Amino acid sequence: EFAKMIKREVAEVIKSLFLLGEMVTINQDIDFDTATLVGNEFGVDVQPLPPEEDPTEIPEIEDDPAEQVVRPPVVTVMGHVDHGKTSLLDAIRKTHVTAREAGGITQHIGAYTVTTGGKKITFLDTPGHEAFTAMRARGAQCTDISVLVVAADDGVMPQTVEAINHSKAAGVPIIVAINKMDKPAANPEHVKQQLSEMELIPEDWGGDTIMVPVSAHSHQGIDDLLEMILLVAEVKELKANPKLPAHGTIVEAKLDKGRGPVATVLVQRGTLTIGDYIIAGTAHGRVRALINDRGEKVRKAGPSTPVEVLGLNEVPQAGDILDAADEKIARGVAEKRIAKAKAEQQKAAKVSLDDIFSRIKEGELKELNIVVKADVQGSVEALCASLVKIQNEEVKVTVVHSGVGAINESDVMLASAANALIIGFNVRPDANARKIAESEKVDIRPYRVIYDAINDVEAAIKGMLAPKF
Ligand code: GDP
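Heads up: the sequence shown begins at 420 in UniProt numbering, then just goes up one per residue.
So this is what it looks like as structure tokens:
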């Protein structure tokens, strides 16, 4: 493309790049600085194009700060497995959604709002940082505060560390809920000690991390926890303009036999109203009905409100951004998104073949190819994102293939061809895959904790690193 722009032969440009020390193929992208250098070689002045409107995005609408009003905080509960995330979410819902509001029943729609002292807090009801990371990987940032649940009788565990790192990476403040305080073996001081070693220093030790002892069973400390959440929210001055067209994130989505595609959206800005035309990922349609977290039909939903939406033409993915827009614009954008996804798929296939080829050619380059399979898309994305980050100058980590589901024959064959190892998260090879892996000598590594997988790869890389002198 660059050669065409400067009216030169591709071979000339590649040669020039080689002379500049850039070993590239025709399919490779070059950055702006490189293009400038090559341009200079040919006496061409290279200028950046003016930023274009992205045809796969709904055009931005001006947001007048004067129209912004305070909105409830959105909270994600994270922590090690069995430390009580689900129990805590249940306890909060039970104690703070009154029978009058609920008609005794709360609906599971992936998020819910509670009221305490006249103020609202919205909880994302999918505990765990995998979902959180999957959303972030798609560019969705909907959590304002994360509550880190640590069992007082168990202390800091690997997923506690993961949760801390994920929150920190997202710049989301952490409030620690030291849970299971009702247990005789509860040792909150030990938990504080361990967290201090991770730079989460409790307030009563002179630090700035709020730590609240709670029990999801006895409901001890739950009001305190909610109060602290509101306190942190107040400091953050969370605001949004309810007058704009709705903008939010898909929290959950499924195909319902009777109702068609059903998606829970967390409205983040603006107000979603029945009759709005909406787009989420490549799904679009007119809002037919809105159902709140108590199973009631509502006409509209404002900022920080989770609501079930009916009317999309297909099931969007969790983490997709939802926008209300003019129907014609939304349809156009959906088409562009579908085309872009197709193009990216094709490009990805080409790149991995190129990689295999270049690996053979480069010879001296050490490289670790990986196939990633996991039980849910969120974990696939979390793993891939972390794995790629491991790469450094001496070793290339490439995820040659990733997907949801059991490790199958085709994964093994691909891994064999790419000389890749297979990482399975919460999935195992089927019988056929196992047999072929044996004969092809493909290494399949199953994991139950993402952190362990990352750690192992890091270790492998360290073993492979050439010694430094
Ligand atoms: P999650 O995996 O983090 O969602 O943890 P769960 O909420 O499923 O809880 C794991 C186990 O710990 C369950 O058996 C709960 O009954 C128990 N549990 C959770 N919170 C408490 C608590 O405050 N006190 C006691 N004694 N047990 C708890």
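From the three backbone atoms N, C-alpha and C, an ideal C-beta is built for every residue, glycine too. Note that the structure is predicted; figures quoted are calculated from it, not measured.
Task: L731 and I697 closer than 9 Å at C-beta - done: For L731 and I697, yes; Cβs fall inside 9 Å.
Open item on the list: Would you say the beta carbon of H585 is closer than 8 Å to some non-hydrogen atom of ligand 2?
Closed with: Summarising the ligand content, the structure contains ligand 1 and does not contain ligand 2.
Task: Given F542 as reference, the closest of V443, L645, V861, V432 once Cα atoms are compared - done: Out of V443, L645, V861, V432, the CA that lies nearest to the CA of F542 is found in L645.
TODO: Would you check if the distance between the CB atom of V651 and the CB atom of I564 is smaller than 9 Å?
DONE: Yes. Within cutoff.
- [ ] Determine the closest residue to D643 out of S637, A635, V631, S435, with distance taken between C-alpha atoms.
- [x] Ranking the options by Cα distance to D643, first place goes to V631.
- [ ] From the DSSP output, in three-state form, read off F451 for me.
- [x] For F451, the three-state secondary structure derived from DSSP is helix.
- [ ] Specify the secondary structure class of E622 as computed by DSSP and reduced to three states.
- [x] Reduced to three states, the DSSP call for E622 is helix.
Task: Per DSSP, cross-strand counterpart(s) of D675 - done: Within the DSSP bridge table, the entry for D675 names G679 as partners.
- [ ] Closer than 7 Å by C-beta to D830: which residues in its own chain qualify, once you throw out the five before and the five after it? Chain order, please.
- [x] Excluding residues within five positions, the ones whose Cβ falls inside 7 Å are V790, K792, H820, I841, A852.
TODO: Compute the Euclidean distance between the alpha carbons of A875 and V868, then round it to the nearest angstrom.
DONE: Here residue 875 turns out to be Asp, not Ala, going by the sequence shown. Rounded to the nearest whole angstrom, the C-alpha separation of D875 and V868 is 11 Å.
Open item on the list: Cutting at 8 Å between CB atoms, please list the residues of its own chain near V494, excluding the five before and the five after it.
Closed with: Result list for V494: I540, T541, F542, L543, T562, D563, I564, S565, V566, I648, in chain order.
Open item on the list: Helix, strand or coil, according to DSSP, for N874 in the structure here?
Closed with: DSSP places N874 in helix when its eight states are reduced to three.
Task: DSSP beta-bridge partners of S565 - done: When beta bridges are read from the DSSP output, S565 appears opposite T495, I593.
TODO: Taking only the alpha-carbon atoms, compute the straight-line gap between Q487 and G667 and give it to the nearest angstrom.
DONE: Taking the straight line from one Cα to the other gives about 16 Å.
Task: Proximal residues to K423 (C-beta, below 6 Å), its chain only, five neighbours per side dropped - done: Setting aside the 5 residues that flank it on each side, K423 has no residue in the same chain whose C-beta is closer than 6 Å to its C-beta.
Task: Close-in-space but distant-in-sequence residues of the same chain around L674 (CB under 7 Å, 5 per side omitted) - done: If the five residues before and after L674 are omitted, its C-beta is found closer than 7 Å to the C-beta atoms of P680, V734, all from its own chain and listed in chain order.
- [ ] Pick out whichever of K434, G503, F551 has its Cα sitting closest to the Cα of S586.
- [x] If we check each option's Cα against that of S586, F551 comes out closest.
Task: Rounded straight-line distance, which links the Cα of A635 to that of Y531 - done: Looking at the backbone, the Cα of Y531 and that of A635 are separated by about 17 Å.
Task: Buried versus exposed call for G782 [16 or more other C-beta atoms within 10 Å across all chains shown] - done: Model confidence at G782 stands at a pLDDT of 43, short of 50, so the residue's coordinates are unreliable and nothing is read from them.
Task: Rounded separation between L614 and A743 - CA only - done: Their Cα atoms are separated by approximately 42 Å.
Open item on the list: On a Cα-Cα basis, can you pick out the residue from H515, V861, T545 that is closest to G537?
Closed with: Of H515, V861, T545, the smallest CA-CA separation from G537 is found for H515.
- [ ] Starting from M647, trace the beta strand (DSSP E) both ways and give me its first and last residue.
- [x] The continuous stretches of beta strand (DSSP E) do not include M647, which lies in the alpha helix (DSSP H) extending over residues 641-655.
- [ ] Please find out if some non-hydrogen atom of ligand 1 comes closer than 8 Å to the beta-carbon of K602.
- [x] Checking every heavy atom of ligand 1 against the Cβ of K602, one is found closer than 8 Å.
TODO: Check whether the Cβ atoms of L729 and R713 sit closer than 9 Å, and answer yes or no.
DONE: No, Cβ-Cβ distance for L729 and R713 is not below 9 Å.
Open item on the list: Which of the three DSSP states is assigned to G523 in this structure?
Closed with: In this prediction, G523 has a pLDDT of 47, which is less than 50 and means its spatial position is unreliable; what the coordinates show is noted afterwards. G523 falls in the coil class under three-state DSSP.
TODO: For L436, count neighbouring Cβ atoms within 10 angstroms of its own Cβ and tell me buried if that reaches 16, exposed if not.
DONE: By the neighbour-count rule (16 or more Cβ atoms within 10 Å), L436 is buried.
TODO: Work out the CA separation of K662 and R756 for me, nearest whole Å.
DONE: Cα to Cα, the separation comes out at about 27 Å.
Open item on the list: By the DSSP assignment, the beta strand (DSSP E) with G843 in it spans what residues?
Closed with: Unbroken beta strand (DSSP E) run through G843: 839-844.
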